[in-house]
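Here is the structure we will look at, set down as structure tokens.
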Amino acid sequence: MSKKVIVKISDLIKQRGISLRELSRLSDVRHAALSELANGKRANINFAHIEKIADALGISDIRDIIDFIESDDSDH
Numbered sequence: 801m802s803k804k805v806i807v808k809i810s811d812l813i814k815q816r817g818i819s820l821r822e823l824s825r826l827s828d829v830r831h832a833a834l835s836e837l838a839n840g841k842r843a844n845i846n847f848a849h850i851e852k853i854a855d856a857l858g859i860s861d862i863r864d865i866i867d868f869i870e871s872d873d874s875d876h
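Numbered per our numbering, the sequence shown finishes at 876, counting up by one with no gaps.
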């Protein structure tokens with residue numbers, strides 16, 4: 801078991817009642833990039849994107865956006 805960083809985009813947009821496309825517009829981050837982050841498909845996290853998302857949603861604590869989960873490394 802190891803730790804994996806997840807980006808909690810799905811939770812954030814649900815809480816705020818907005819779509820991924822709306823978050824893309826508000827944050828000026830490409831919809832495809834947000835989708836990949838939300839689905840754990842991105843190997844690297846662009847912290848400029850995290851900053852833009854935080855600004856767009858008025859978030860001051862990075863832990864509201866990213867988190868650690870236990871990950872089973874057998875899929876690597």
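Every residue gets a Cβ at the ideal spot worked out from N, C-alpha and C, and that includes glycine.
For clarity, every value in this text was computed on a predicted model and none was experimentally measured.
Within the segment 833-876, the complete alpha helix (DSSP H) runs of at least 4 residues fall at 847-857.
If you draw a 10 Å sphere on the C-beta of Val805, you find fewer than 16 other C-beta atoms in it, and that means exposed. Around His831, the same chain offers Leu820, Arg821, Ser824 as residues with beta carbons nearer than 8 Å, after the five sequence neighbours per side are excluded. Straight-line spacing of the CA atoms in Ile866 and Lys808 works out to 6 Å. Between the alpha carbons of Val829 and Ile869 lies a distance of about 24 Å.
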